[in-house]
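Here the structure is laid out as structure tokens; the discussion comes afterwards.
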Amino acid sequence: MKPEIDIIVAVAPDGAIGRRGDLLFHISADLRRFKQLTMGHPVIMGRKTFESLPKGALPGRRNIVISRNASFTAPDAETALSLDKAIALCDGVDKVFIIGGAQIYAEAIGSADCLCLTRFDRTLPDADCFFPAIDPAVWSVDEAGEWISDEKSGVEFRFETLRRKQ
Ligand SMILES: NC(=O)c1ccc[n+]([C@@H]2O[C@H](COP(=O)([O-])OP(=O)(O)OC[C@H]3O[C@@H](n4cnc5c(N)ncnc54)[C@H](OP(=O)(O)O)[C@@H]3O)[C@@H](O)[C@H]2O)c1
47 MKPEIDIIVA
57 VAPDGAIGRR
67 GDLLFHISAD
77 LRRFKQLTMG
87 HPVIMGRKTF
97 ESLPKGALPG
107 RRNIVISRNA
117 SFTAPDAETA
127 LSLDKAIALC
137 DGVDKVFIIG
147 GAQIYAEAIG
157 SADCLCLTRF
167 DRTLPDADCF
177 FPAIDPAVWS
187 VDEAGEWISD
197 EKSGVEFRFE
207 TLRRKQ
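Using our numbering, count along the sequence shown one by one with no gaps and you end on 212.
Written out as structure tokens, the structure is:
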């Protein structure tokens, strides 16, 4: 059986998600939520996102890395030649998380069931990769938290869960 497909992403008001191969902001509460939601589930990501992980494969989760390069290998991770093949590796699993980056989100949003968002209140001028537009005709807000201020960076953020409308 095909798993539920959840996208998890932290996004600025203009859709920005990263710059120079890194996240826009590193907010501990966001990283904690990411860990809590994804722990125990397979995580699927593009090759560039895998290479941006500071400590390599994420522990406690099956890491599946998508690359067009058939000889690409990743320590402690499985590889797949396409998003469909990555999802097919998870047949029988209840839920998988698509964890980025921009190329993989663009491909996955059409088949995702749920968007686990972190909304930031600001962007950075040199952001260079973006999440696709979230169409309110397709997605309904299931949960939206309060805005929280990150003391360290001053960035305001909030968590939202969106579900595909039936
Ligand atoms: N804000 C967030 O929540 C968040 C989350 C994750 C990542 N990010 C950010 O996103 C940025 C990275 O995103 P990105 O778009 O540059 O890279 P990416 O999506 O992580 O990886 C792109 C790579 O994935 C492979 N790929 C993409 N489409 C494919 C397809 N259809 N079939 C097979 N392989 C495919 C290719 O690998 P090969 O070149 O090896 O073929 C491609 O170069 C970074 O700045 C990162 O920090 C942000």
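Don't be surprised by glycine CBs; every beta carbon is placed ideally from N, CA and C.
Beta-carbon proximity check, residue i vs residue j, cutoff 8 Å
i	j	result
residue 203	residue 73	yes
residue 112	residue 128	yes
residue 166	residue 69	no
residue 193	residue 208	no
residue 59	residue 164	no
residue 49	residue 131	no
residue 179	residue 61	yes
Exposed unless 16 or more other CB atoms sit within 10 angstroms - verdict on residue i
i	result
residue 125	buried
residue 109	buried
residue 57	buried
residue 75	exposed
residue 92	buried
residue 161	buried
residue 77	exposed
residue 116	exposed
residue 95	buried
residue 154	buried
residue 134	exposed
Residues near residue i in its chain [Cβ-Cβ closer than 6 Å; skip 5 each side]
i	result
residue 143	52, 54, 84, 87 and 89
residue 196	73
Beta strand (DSSP E) segment containing residue i, residue limits
i	result
residue 186	185-190
residue 210	202-210
residue 124	124-126
residue 141	141-144
8 Å Cβ shell around residue i - same chain, five flanking residues per side excluded
i	result
residue 47	137 and 138
residue 158	51, 52, 53, 144 and 210
residue 189	205, 206 and 207
Same chain only: Cβ atoms within 7 Å of residue i, ignoring 5 sequence neighbours per side
i	result
residue 65	170, 172, 173 and 174
residue 81	none
residue 67	94 and 98
Short CB-CB distance (under 8 Å) between residue i and chain B
i	result
residue 187	Absent from the structure is chain B; it holds one protein chain and no more.
Extent of the continuous alpha helix (DSSP H) to which residue i belongs
i	result
residue 96	93-98
| query | Counting Cβ pairs closer than 8 Å, one from the region 139-151 and one from the region 166-173, do we hit at least three? | reply | The region 139-151 makes no contact with the region 166-173; the number of CB pairs closer than 8 Å stays below 3.
| Three or more C-beta pairs closer than 8 Å, one from the region 92-102 and one from the region 110-127: is that the case here? | The answer is yes - the region 110-127 touches the region 92-102, with three or more Cβ pairs under 8 Å.
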